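Engineer:
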Amino acid sequence: MKAIKVIARQTMASYRKPSSMQIKESYPLPPYSTVIGMVHNACGFTEYVDMDISIQGTYFSKVNELYTRYEFKPGMKFDSGRHQLKIPEKEREIGVTIGPANIELLTNVELVLHIKPKDEKYISIIEKGLKHPQEYLSLGRREDLLMIDKIEVVDVEESILEQDTAARYDMYVPIKEKGNFDSQGTVYQLCKKYNVHPKTKLRFWEEQIRARHISRYSQIYEGTIIQTDGEDFVYFA
Numbered sequence: 099m100k101a102i103k104v105i106a107r108q109t110m111a112s113y114r115k116p117s118s119m120q121i122k123e124s125y126p127l128p129p130y131s132t133v134i135g136m137v138h139n140a141c142g143f144t145e146y147v148d149m150d151i152s153i154q155g156t157y158f159s160k161v162n163e164l165y166t167r168y169e170f171k172p173g174m175k176f177d178s179g180r181h182q183l184k185i186p187e188k189e190r191e192i193g194v195t196i197g198p199a200n201i202e203l204l205t206n207v208e209l210v211l212h213i214k215p216k217d218e219k220y221i222s223i224i225e226k227g228l229k230h231p232q233e234y235l236s237l238g239r240r241e242d243l244l245m246i247d248k249i250e251v252v253d254v255e256e257s258i259l260e261q262d263t264a265a266r267y268d269m270y271v272p273i274k275e276k277g278n279f280d281s282q283g284t285v286y287q288l289c290k291k292y293n294v295h296p297k298t299k300l301r302f303w304e305e306q307i308r309a310r311h312i313s314r315y316s317q318i319y320e321g322t323i324i325q326t327d328g329e330d331f332v333y334f335a
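Position one of the sequence shown corresponds to residue 99 (the working numbering), numbered consecutively onward.
1) Between the alpha carbons of Ser124 and Glu191, how many angstroms are there, rounded?
2) Once you ignore the five residues that flank Pro129 on each side, which residues in its own chain have a CB closer than 7 Å to its CB?
3) Is the beta carbon of Gln325 closer than 7 Å to that of Val252?
4) Quick one: is Leu211 buried, meaning 16 or more other Cβ sit within 10 Å of its Cβ, or exposed?
5) Given a threshold of 16 other Cβ atoms within 10 Å of its Cβ, counted over all protein chains shown, does Val294 qualify as buried or as exposed?
6) By alpha-carbon positions, which one of Ala140, Ile105, Thr132 and Ile121 ends up nearest to Tyr234?
7) Between the Cα of Thr322 and the Cα atoms of Pro296, Glu256 and Tyr267, which residue gives the shortest distance?
8) Ser118: which of Ala199, Val194 and Leu244 sits nearest, CA to CA?
9) Which same chain residues, not among the five before or five after Ser131, have their C-beta less than 6 Å away from its C-beta?
10) Could you give the DSSP three-state label for Gly173: helix, strand or coil?
11) Rounded to whole angstroms, what's the CA-CA distance from Val271 to Ser316? Just pull it up for me.
12) Cα separation between Ile221 and Val194?
13) Give the secondary structure of His138 by DSSP, where H, G and I count as helix, E and B as strand, and everything else as coil.
14) Measure the alpha-carbon distance for Gln182 versus Thr166 and round it to whole angstroms.
15) What number of angstroms, rounded off, separates the C-alpha of Gln154 from the C-alpha of Trp303?
16) Consult DSSP for Gly328 and reduce its assignment to one of helix, strand or coil.
17) Taking the Cβ atom as the reference point for each residue, do Ile102 and Ile224 lie within a distance shorter than 7 Å?
18) From the DSSP output, in three-state form, read off Gly227 for me.
19) Please classify Ile249: does DSSP put it in a helix, a strand, or coil?
20) With distances taken Cα to Cα, identify the nearest neighbour of Glu369 among Lys115, Ser236, Tyr267 and Ile318.
21) Once you ignore the five residues that flank Thr156 on each side, which residues in its own chain have a CB closer than 7 Å to its CB?
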């Protein structure tokens with residue numbers, strides 16, 4: 099099978115965990131939906147293009163940074179002694195509280211991404227879109243610029259590992275994959291595809307992937323069924 103391999107870097111990035119509130123915590127690697135969204139934006143897709151994604155990478159450290167948080171509740175009436183901002187809603191004004199909060203950032207991020215559209219006709223389209231995006235590439239927040247080092251189309255093949263091998267990068271391994279690892283890692287419920295409710299117009303997650311975060315240098319044991327592009331392991335979800 100063919101896939102598009104992307105080797106990229108980010109000076110700083112935050113891939114927010116949806117469950118984090120007081121401090122915006124970051125996943126150790128971007129979730130599948132974040133990468134898929136970046137691809138769609140780069141290529142200018144107006145309809146969802148189904149694709150499988152493999153995500154690997156590393157980062158140097160974590161730091162905390164302040165950001166401005168806007169907090170409000172639907173239906174809460176504006177109170178000049180409590181709120182700093184008001185926004186109109188039908189016949190009333192909603193009060194918004196503005197204040198500082200913390201966000202977790204990863205520094206010196208290195209990423210190895212494999213993108214495999216279900217329809218191979220999109221291989222060349224996505225490759226061209228990533229090399230010549232409609233606007234600058236970002237991953238995570240809009241300000242988290244993605245610097246591309248290499249983009250190429252590679253062949254991914256399945257084989258059985260003939261000897262114990264250490265992983266080169268942290269990686270997401272879908273729980274469906276059967277393998278022997280010396281580290282169980284943290285299991286995340288990662289979002290992949292969303293849809294829009296026809297009545298409320300709110301987004302809801304249509305597809306989520308349970309994946310284990312395997313740290314670099316973890317041993318992958320002999321006899322494990324693997325996919326590889328000749329250089330790096332590939333675990334599609």
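Where is the CB? At the ideal position from N, CA and C, for every residue including glycine. Computed from a predicted structure; not experimentally measured.
Structural biologist: Let me spell this out:
1) Along the sequence shown, read from residue 1 onward, the residue named residue 124 stands at position 26. Along the sequence shown, read from residue 1 onward, the residue named residue 191 stands at position 93. Their Cα atoms are separated by approximately 33 Å.
2) As a working mapping, residue 129 is identified with position 31 in the sequence shown. Counting only Cβ-Cβ distances below 7 Å, and skipping sequence neighbours, we find Tyr113, Leu288 and Cys289.
3) As a first step, residue 252 is located in the sequence shown; it is residue number 154 there, counting from the start. As a first step, residue 325 is located in the sequence shown; it is residue number 227 there, counting from the start. Against a cut-off of 7 Å, the Cβ pair of Gln325 and Val252 comes out as no contact.
4) Your numbering for residue 211 matches position 113 in the sequence shown. The residue in question, Leu211, is buried, as its Cβ has 16 or more Cβ neighbours within 10 Å.
5) Indexing the sequence shown from 1 puts residue 294 at position 196. Exposed, because fewer than 16 other Cβ atoms sit within 10 Å of the Cβ of Val294.
6) Your numbering for residue 234 matches position 136 in the sequence shown. Cα-wise, what sits closest to Tyr234 is Ala140.
7) Working through the sequence shown from its first residue, we reach residue 322 at position 224. For Thr322, the nearest C-alpha among the options comes from Glu256.
8) As a first step, residue 118 is located in the sequence shown; it is residue number 20 there, counting from the start. Nearest of Ala199, Val194 and Leu244 to Ser118, Cα basis: Ala199.
9) As a working mapping, residue 131 is identified with position 33 in the sequence shown. Cβ neighbours of Ser131 beyond the five flanking positions: Cys289 and Lys290.
10) Counting from 1 along the sequence shown, the entry for residue 173 is found at position 75. It is coil, neither helix nor strand.
11) Translated into positions along the sequence shown, residue 271 becomes position 173. Translated into positions along the sequence shown, residue 316 becomes position 218. Roughly 12 Å between the two C-alpha positions.
12) Working through the sequence shown from its first residue, we reach residue 221 at position 123. Working through the sequence shown from its first residue, we reach residue 194 at position 96. Looking at the two C-alpha atoms, the distance is approximately 45 Å.
13) In the sequence shown, the residue the question calls residue 138 occupies position 40. Three-state DSSP puts His138 in a helix.
14) Taking the first residue of the sequence shown as 1, we reach residue 182 at position 84. Taking the first residue of the sequence shown as 1, we reach residue 166 at position 68. When rounded, the distance between both Cα atoms is 12 Å.
15) Position 56 of the sequence shown, counted from the first residue, corresponds to residue 154. Position 205 of the sequence shown, counted from the first residue, corresponds to residue 303. Looking at the two C-alpha atoms, the distance is approximately 23 Å.
16) Indexing the sequence shown from 1 puts residue 328 at position 230. Here Gly328 sits in coil by DSSP.
17) For this step, residue 102 is matched to residue 4 along the sequence shown. For this step, residue 224 is matched to residue 126 along the sequence shown. Yes; because the gap between Cβ atoms is below 7 Å, this pair is in contact.
18) For the purposes of this step, residue 227 is taken as the residue at position 129 of the sequence shown. Reduced to three states, the DSSP call for Gly227 is helix.
19) The residue given as residue 249 occupies position 151 in the sequence shown. DSSP places Ile249 in strand when its eight states are reduced to three.
20) Outside the displayed span of the chain (99 to 335) sits residue 369, for which this structure offers no information.
21) Locating residue 156 in the sequence shown gives position 58, where the first residue counts as 1. Contacts found: Glu208, Tyr267, Asp268 and Arg314.
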